[in-house]
Amino acid sequence: MSGMGDEAAVGGQCSVHVPRSARSVLERAREGAGAELELPRVSRFPAIQAGQPAIERLEPTSALVGYRGPTACAAAGITYRQLDYWARTGLLEPSVRTAYPASSQRLYSFRDVLLLKIVRRLLDAGVSLQNIRVAVSHLRGTDAEDLTGLTLMSDGATVYECTTPQQVVDLLKGGQGVFGIAVGAVWRELETALSRLHAERTDTGETMVGQDPADELAQRRNRAG
Numbered sequence: 001m002s003g004m005g006d007e008a009a010v011g012g013q014c015s016v017h018v019p020r021s022a023r024s025v026l027e028r029a030r031e032g033a034g035a036e037l038e039l040p041r042v043s044r045f046p047a048i049q050a051g052q053p054a055i056e057r058l059e060p061t062s063a064l065v066g067y068r069g070p071t072a073c074a075a076a077g078i079t080y081r082q083l084d085y086w087a088r089t090g091l092l093e094p095s096v097r098t099a100y101p102a103s104s105q106r107l108y109s110f111r112d113v114l115l116l117k118i119v120r121r122l123l124d125a126g127v128s129l130q131n132i133r134v135a136v137s138h139l140r141g142t143d144a145e146d147l148t149g150l151t152l153m154s155d156g157a158t159v160y161e162c163t164t165p166q167q168v169v170d171l172l173k174g175g176q177g178v179f180g181i182a183v184g185a186v187w188r189e190l191e192t193a194l195s196r197l198h199a200e201r202t203d204t205g206e207t208m209v210g211q212d213p214a215d216e217l218a219q220r221r222n223r224a225g
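Counting in full-length UniProt numbering, the sequence shown runs from 1 upward without gaps.
Now the structure itself:
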């Protein structure tokens, strides 16, 4: 099969696609008409120019994608002052690139932004920074698959980690959990938000433009008009 495709790609005749009887008829017709009649040719689909790079689309969760401070703030729903304070005090530093040396910009991973969003919600619930530090440290070391199955419960003083629905029920019955965060739901919400925002490739530094469905719809309407 590879020989057939290569022959077709350079413009050669591909006899495999022409029945023997039909080929003999075409050849006789070509002999009678001179060089004007050409045999059918086979081309590849989709047509790709030689040397044209393949389009690589990276998911927001990819390790090759990083997010600068303003993007992380927009996705996590926090202010840049909060982001800067949490980084400087060690509550939540970016794992891709810090602000040192001073000429560099912080670059956050998807998990970093997820934790930023969770920290904000814990603060809104009245959880102390000391307990939040413990929770962040624990979540950083949790595998992604386990992370999406967690539910964080809090009574405002302590953060509880629940891995099953029954554990959530038990906490509620005991009056220990009055505030819950389904990490999996936050994860999916963040994926959608970050896919619409600019990002940066961690290997090349290339800026990746987000795809906002609303913008695409507006562009289509403008072209139609």
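No residue lacks a Cβ here, since even glycine has one placed at the ideal position from N, Cα and C.
If you're wondering where the values come from, they're calculated on a predicted model, not measured in any experiment.
Review point. If you compare alpha carbons, which of 61, 98, 106 and 58 is closest to residue 69?
Key: The residue you call residue 69 lines up with position 69 of the sequence shown. Among 61, 98, 106 and 58, the Cα nearest to that of residue 69 belongs to 106.
Check your understanding: Taking buried to mean at least 16 other C-beta atoms within 10 Å of its own C-beta, is residue 98 buried or exposed?
Key -> By one-based count along the sequence shown, residue 98 stands at place 98. Label assigned to residue 98: exposed.
Check your understanding: Exposed or buried, residue 211, counting other C-beta atoms within 10 Å across all chains shown (16 or more means buried)?
Key -> Position 211 of the sequence shown holds residue 211. With fewer than 16 other CB atoms across the displayed protein chains lying within 10 angstroms of its CB, residue 211 is exposed.
**Study point:** Where residue 12 falls, given that 16 or more other Cβ within 10 Å makes a residue buried
**Key:** Looking up residue 12 in the sequence shown gives position 12. Summary for residue 12: the model assigns pLDDT 48, below 50, so the residue's position carries little reliability; its value from the coordinates is reported in the next sentence. So residue 12 counts as exposed.
Exercise for review: My understanding is that residue 61 touches residue 110, with C-beta atoms under 8 Å, so please give their C-beta distance in whole angstroms.
Suggested key: Start at 1 with the first residue of the sequence shown, and residue 61 comes out as number 61. Start at 1 with the first residue of the sequence shown, and residue 110 comes out as number 110. Contact between residue 61 and residue 110 holds, since their C-beta atoms are separated by about 5 Å, short of 8 Å.
Review point. For residue 100, which of 87, 202 and 112 has the nearest alpha-carbon?
Key: Within the sequence shown, the letter at position 100 stands for residue 100. Each of 87, 202 and 112 was checked against the Cα of residue 100, and the nearest Cα belongs to 87.
Exercise for review: Mind checking which residues open and close the alpha helix (DSSP H) that includes residue 111?
Suggested key: Translated into positions along the sequence shown, residue 111 becomes position 111. Residue range 110-124 is occupied by the alpha helix (DSSP H) that includes residue 111.
Practice item. Write down the C-beta distance between residue 203 and residue 64 rounded to the nearest angstrom, noting that I regard them as a contact closer than 8 Å. Key: Indexing the sequence shown from 1 puts residue 203 at position 203. Indexing the sequence shown from 1 puts residue 64 at position 64. Right, the Cβ-Cβ distance comes to about 6 Å (below 8 Å), so this counts as a contact.
Review point. Which full runs of the beta strand (DSSP E) of 3+ residues lie inside the segment 51-85, going along the chain?
Key: Taking only runs of at least 3 residues, the beta strand (DSSP E) segments lying wholly in the segment 51-85 are 65-68.
Practice item. Could you spell out where the beta strand (DSSP E) holding residue 199 opens and where it closes? Key: Residue numbering aside, residue 199 sits at position 199 when the sequence shown is read from its first letter. Unbroken beta strand (DSSP E) run through residue 199: 199-201.
Review point. Tell me, which residues are paired with residue 154 by DSSP?
Key: Along the sequence shown, one-based indexing puts residue 154 at 154. Residue 154 is bridged to 159 and 179.
Review point. Measuring CA to CA, which of 191, 135 and 208 is closest to residue 76?
Key: Looking up residue 76 in the sequence shown gives position 76. The residue among 191, 135 and 208 with its C-alpha nearest the C-alpha of residue 76 is 191.
Practice item. Have a look at the DSSP bridge pairing and note the partners of residue 207. Key: For this step, residue 207 is matched to residue 207 along the sequence shown. According to DSSP, residue 207 bridges with 200.
Review point. Taking the alpha carbon of residue 123 as the point to measure from, which residue in 201, 180, 200 and 193 has its own alpha carbon closest?
Key: Taking the first residue of the sequence shown as 1, we reach residue 123 at position 123. Residue nearest to residue 123 within the set 201, 180, 200 and 193 is 180 (criterion: CA-CA distance).
Point to revise | Start-to-end residues for the alpha helix (DSSP H) that takes in residue 171 | key: Translated into the one-based positions of the sequence shown, residue 171 becomes position 171. Per DSSP, residue 171 belongs to the alpha helix (DSSP H) from 165-173.
Review point. Can the beta-carbon of residue 141 be found less than 7 Å from the beta-carbon of residue 96?
Key: As a working note, residue 141 is residue 141 in the sequence shown. As a working note, residue 96 is residue 96 in the sequence shown. Result no, Cβ atoms of residue 141 and residue 96 do not sit closer than 7 Å.
Point to revise | Cut-off 6 Å between Cβ atoms - residues of its own chain near residue 48, not counting five sequence neighbours on either side | key: The residue you call residue 48 lines up with position 48 of the sequence shown. Residue confidence for residue 48 is low, a pLDDT of 37 falling below 50, so the modelled location carries little weight; the figure read from the coordinates is stated next. Counting only Cβ-Cβ distances below 6 Å, and skipping sequence neighbours, we find nothing.
**Study point:** Pairwise C-alpha distance: residue 178 and residue 120
**Key:** Counting from 1 along the sequence shown, the entry for residue 120 is found at position 120. Counting from 1 along the sequence shown, the entry for residue 178 is found at position 178. Taking the straight line joining both Cα atoms gives about 17 Å.
Point to revise | Residue range of the alpha helix (DSSP H) that includes residue 136 | key: Residue mapping note: residue 136 aligns to position 136 of the sequence shown, counting from 1. Per DSSP, residue 136 is one residue of the alpha helix (DSSP H) stretching across 129-140.
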